[in-house]
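Undergrad: Sending over a structure as structure tokens; questions will come in a sec.
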Amino acid sequence: MSAPPLTLYKQLMREAKRFQNYNFREYAIRHVRDDFRRNAGLQGESAARELEHGRLELEKLRRMATGKHAMED
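So that you can map any letter, position 71 of the sequence shown is 71 in UniProt numbering, and since no number is skipped, the others follow by simple counting.
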């Protein structure tokens, strides 16, 4: 895994672990792992497209982790 995808993976995992609720946290972690495993062999345009999708997912996770779902127990 090259630097930008690895950095994105670490950022996504960090955000996923911020959920207080066990079910939300485990779902987010599993979703990140599954997506990166599925896209591990991508190259070129498709890799760039998925990297951009990952950045959008990171922003979504950040909003969710600081919102209502982060506070539930």
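Beta carbons: idealized from backbone N, C-alpha and C, even for Gly. This structure is a prediction, so every number in the text was calculated from the model and none was measured.
Report back the beta-carbon spacing between residue 128 and Lys10 to the nearest angstrom; my notes put them in contact at under 8 Å.
TA: Given that the chain is displayed from residue 1 to residue 73, the structure contains no residue 128 and the question cannot be resolved.
Undergrad: Closest to Thr66 by C-alpha separation, out of Ala47, Pro5, Arg14, would be which residue?
TA: Answer by Cα proximity: Arg14.
Undergrad: Look at the Cβ atom of Leu12, then the Cβ atom of Gly54, and state whether they are nearer than 8 Å.
TA: Contact: yes.
Undergrad: Verify whether the separation of the beta carbon atoms of Pro4 and Leu51 is less than 8 Å.
TA: Yes.
Undergrad: Could you compute how far the alpha carbon of Arg37 sits from the alpha carbon of Ser46?
TA: In a straight line, the C-alpha of Arg37 is about 15 Å away from that of Ser46.
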